[in-house]
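Below is one structure, written out as structure tokens, with a few remarks after it.
Protein chains: 2
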Amino acid sequence: MTIRRLEQQIQFIIEIDKLKQIVRQTYLTDASRRENSVEHSWHLALMAMVLSEHANDPDIDVSRVIRMVLVHDIVEIDAGDTFLYDDKHSESKIDREIAAADRLFSLLPTDQAEIFRQLWDEFEARETKEAKFAFALDHFQPMLHNVITKGKSWQKHGVKKSQVIEKSRPMQEGAESLWEYISDLLDYSVEEGYLYE
Amino acid sequence: MTIRRLEQQIQFIIEIDKLKQIVRQTYLTDASRRENSVEHSWHLALMAMVLSEHANDPDIDVSRVIRMVLVHDIVEIDAGDTFLYDDKHSESKIDREIAAADRLFSLLPTDQAEIFRQLWDEFEARETKEAKFAFALDHFQPMLHNVITKGKSWQKHGVKKSQVIEKSRPMQEGAESLWEYISDLLDYSVEEGYLYE
């Protein structure tokens, strides 16, 4: 163990503090303010702990899902949060995020930079059962917050049910039952006027 | 799987959103505002991932440390955050937090309520190597933020180096090298006038 190694690790730990300042479009459940990407990530990690039995594959590695969701938004420190329904910005999203991953994870010692990059790449590729379940949680959480806040973010941005379904239906690949649960809440949200038909 | 079970899990997930509103005495590293307990918990989980090689016991179960730190502050939803150097409030802290744990974790299905309670009890008891390391991270993070913000929270509350050492020295039981690292920064902080001698 060299001091240099610990110094690199501490620099990374200080740098990621900036993720607390990246504000998302999703509101807290009491609608008092928008949440930031750290709050979102913590919430997903807790959801992974509580909801893993609803993953399509019961043999899922929950600890890996937890790590993946804790890390998945760190690139937003450089790339910013891209709103799911902002198609214009979504085009450049992946390039911005790859550049961010290159810079941010390389603050770590090489072996750890690789581990973090693999977690992020796995999340983005959405091929493993863990990444598919992480994707499901990443979409389930803001939808749940929208239903609870009477569609506050949906209303603000004029989001339609067909858009929500198009973006979030791949949740089925990770957690069919959570998709069914939230689909019912989308129907309810249209009935209540929280979400445009 | 019953709908009732999923409903209970969702109620817990919604309830813990309130932890995003519990503000701590620690400032973000840019000193712009105080952080909340969710931000602190996420930061500790990332520190567990990055710094686990500095635990006294190399055979530590990192995934358990991550879960422990993600869960350790949930009781603050009811009990509030108790400032480490507030001895008056610290006396009643444990009673308030036990009542909170009783209420909050019991929102979950019984089997999961037990798992969460065990994680919290383990953290509080500080007997296992994982709990000792989690304690070390829980103390290391706010000290690091204080050094970076030129002692912003220490200054505000007139905290002395002897108090910091008294409260945080048990870090040694979990991570001797992190305690040494931060001890040097405490000396530096006194020299710079960030922390009272």
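Chains as they are written, first to last, in numbering that gives the first Met the number 0: chain A, 0 to 196; chain B, 0 to 196. Backbone N, C-alpha and C define an ideal beta-carbon position, used for all residues, glycine too. A quick note: this is a predicted structure, and the numbers were derived from the prediction, not measured.
- Sequence-ordered contacts of the stretch 95-112 of chain A with chain B read Leu107 and Gln111 [C-beta pairs closer than 8 Å].
- Not a single C-beta of chain B is nearer than 8 Å to the C-beta of A/Tyr187.
- When the beta-carbon positions are compared, B/Gln7 and B/Pro108 come within less than 8 Å of each other.
- Considered as a whole, the stretch 28-78 of chain A harbours 33-35 as its complete beta strand (DSSP E) runs of no fewer than 3 residues, in chain order.
- Contact between A/Ile12 and B/Met46 holds, since their C-beta atoms are separated by about 6 Å, short of 8 Å.
- Sixteen is the threshold: when 16 or more other Cβ atoms of the shown chains lie within 10 Å of the Cβ of B/Lys131, as they do, the residue is buried.
- With contacts defined by Cβ atoms closer than 8 Å, B/Ala174 and B/Lys128 do not form a contacting pair.
- Cβ proximity to chain A below 7 Å picks out Leu27, Thr28, Glu34, Val37, Glu38, Ser40 and Trp41 from the stretch 21-41 of chain B.
- Sequence-distant Cβ neighbours of B/Val163 in its own chain, meaning closer than 8 Å and more than five residues away, are Met142, Trp153, Leu185 and Leu194.
- In this structure the stretch 84-96 of chain A does not lie against the stretch 30-42 of chain A, because fewer than three pairs of beta carbons, one per stretch, are closer than 8 Å.
- Straight across, the Cα-Cα distance linking B/Ser176 with B/Ala133 is about 14 Å.
- Residue-level contact check: B/Asp16 touches chain A, since one or more beta carbons of chain A fall below 8 Å from its beta carbon.
- Assignment of beta strand (DSSP E) within the stretch 123-180 of chain B, counting only whole runs of 3 or more residues, yields no such run.
- Under DSSP, A/Tyr195 shares a beta bridge with A/Lys159.
- Going by C-alpha positions, B/Ala100 is about 11 Å away from B/Glu113.
- The straight-line gap separating the alpha-carbon atoms of B/Arg3 and B/Glu191 is approximately 58 Å.
- Here A/Gln171 has Trp178 as same chain residues with Cβ atoms under 7 Å from its own Cβ, once five neighbours each way along the sequence are excluded.
- Under the three-state reduction of DSSP, B/Tyr187 is assigned to helix.
- Listed by position along chain B, the residues whose Cβ is nearer than 7 Å to that of A/Met48 are Arg66.
- With fewer than three CB-CB distances shorter than 8 Å, the stretch 17-26 of chain B does not count as touching the stretch 119-126 of chain B.
- Not a single CB atom of chain A sits nearer than 8 Å to the CB of B/Gln10.
- The beta carbon of A/Asp56 sits closer than 6 Å to the beta carbons of Lys128 from its chain, once the five residues preceding and following it are set aside; these are given in chain order.
- For B/Ile147, the CB contacts under 7 Å within the same chain, skipping 5 residues up- and downstream, are Thr28 in chain order.
- For B/Ile164, not one C-beta of chain A is nearer than 8 Å to its own C-beta.
- Per DSSP, A/Gln24 is one residue of the beta strand (DSSP E) stretching across Val22 to Tyr26.
- Looking at the backbone, the Cα of A/Leu50 and that of B/Gln111 are separated by about 10 Å.
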